[in-house]
Amino acid sequence: MSKATPGINPHSKPKGNGCQDCLKTGGWWLHLRRCAECGYIGCCDSSPGQHAAKHATEMNHPVVASFEPLQSWFYDYRKKKVLRGPRLLGPRWRPENQPAPGPEGRVPRDWESRLHDVA
Ligand SMILES: [Zn+2]
Ligand SMILES: [Zn+2]
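Each residue of the sequence shown is one higher than the last, beginning at -18 in the working numbering.
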């Protein structure tokens, strides 16, 4: 059996369709990331909440997978590096009819000026 990549649990399932913390607190996100270890869904570093990065630090789960349709990259917050990884259990992405930014109805009109600049 091949050795698993640390931080990636191929048996974990995504825990929803939107950033769990934004949904709890009434926030909104630009793009979604999935914790490759436990399936937590959080928002990207450009989003106001940056919940994926916070989860990575707080839980010591350093690797996320993109949860945006058709994207298959992983990112390691500790190494600050894009990774390749195994195919995770589905659904692999948020529903395609779900808007980005999201969630529907909660995105402010001036959302673009509220993003974090992470270029
Ligand atoms: Zn969030
Ligand atoms: Zn996690």
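Cβ coordinates follow ideal geometry from the N, Cα and C atoms, glycine included.
These numbers were taken from a predicted model, which means no experiment stands behind them.
Residue i: CB within 8 Å of a non-hydrogen atom of ligand 1
i: Cys16; result: no
Ligand 2 heavy atom lying under 8 Å from the CB of residue i
i: His42; result: yes
i: Tyr58; result: no
i: Gly20; result: yes
i: His(-8); result: no
i: His12; result: no
i: His97; result: no
For residue i, the first and last residue of its enclosing alpha helix (DSSP H)
i: Asp2; result: Gln1 to Thr6
i: Ala34; result: His32 to Met40
Contact check, residue i vs residue j, beta carbons under 9 Å
i: Ile22; j: Arg75; result: yes
i: Pro72; j: Pro(-5); result: yes
i: His42; j: Cys16; result: yes
i: Asp2; j: His36; result: yes
i: Gly20; j: Arg87; result: no
i: Ser(-7); j: His97; result: no
i: Pro67; j: Pro(-9); result: yes
Residue i burial status per 10 Å Cβ neighbour count (16 or more: buried)
i: Glu93; result: exposed
i: Glu18; result: buried
i: Arg14; result: buried
i: Leu69; result: buried
i: Trp54; result: exposed
i: Pro89; result: exposed
i: Ala(-15); result: exposed
N-terminal and C-terminal residue of the beta strand (DSSP E) that residue i is part of
i: Lys62; result: Lys62 to Leu64
i: Ala17; result: Counting along the chain, Ala17 falls outside any beta strand (DSSP E), and DSSP gives it neither H nor E.
Neighbourhood of ligand 1 [Cβ distance below 6 Å to any heavy atom], ordered by chain position: Cys0, Asp2, Cys3, Gly8, Trp10, Gly23, Cys24, Ser28, Gly30 and His32
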